[in-house]
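Residue numbering for the sequence shown follows our numbering, starting at 14 and increasing by one per position. Presented below is the structure to which this report refers.
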Amino acid sequence: MIDGDEEGYEQIYNQLKGRCKELNSELRPPFIKFLQQNYSITVIIVGKKDENYKRCLESMLN
14 MIDGDEEGYE QIYNQLKGRC KELNSELRPP FIKFLQQNYS ITVIIVGKKD ENYKRCLESM
74 LN
């Protein structure tokens, strides 16, 4: 799980895309799926859905 903070889903996706060659090209918020060293990894972005999964978890719980 990754906190969306100010980046949001698309910016986090683009950061991972630059690092991982085997990133699933489908955008399926809040999930990002990719392969790394023969491991299948699913990242879940935590944030407000209507704000592109931005916001930090701590502020949403207050």
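All C-beta atoms, glycine included, are put in the ideal place defined by N, C-alpha and C.
Check: residue i C-beta below 8 Å from any heavy atom of the ligand NAD
i	result
Glu20	Among the components modelled here there is no ligand, and therefore nothing to report on the ligand NAD.
Buried or exposed by the 16-neighbour rule on C-beta atoms within 10 Å, applied to residue i
i	result
Tyr26	buried
Separation of residue j from residue i, as counted between CA atoms
i	j	result
Ile57	Tyr22	9 Å
Glu19	Tyr52	28 Å
Coil, strand or helix - residue i by DSSP
i	result
Tyr22	helix
Ser38	coil
Gln49	strand
Beta-carbon proximity list for residue i, same chain, < 8 Å, skipping 5 on both sides
i	result
Lys61	Gly17, Lys67, Arg68, Met73
Glu35	Phe47, Leu48, Gln49
Neighbourhood of residue i by C-beta distance below 7 Å, restricted to the same chain and skipping five residues each side
i	result
Asn37	Lys46, Phe47
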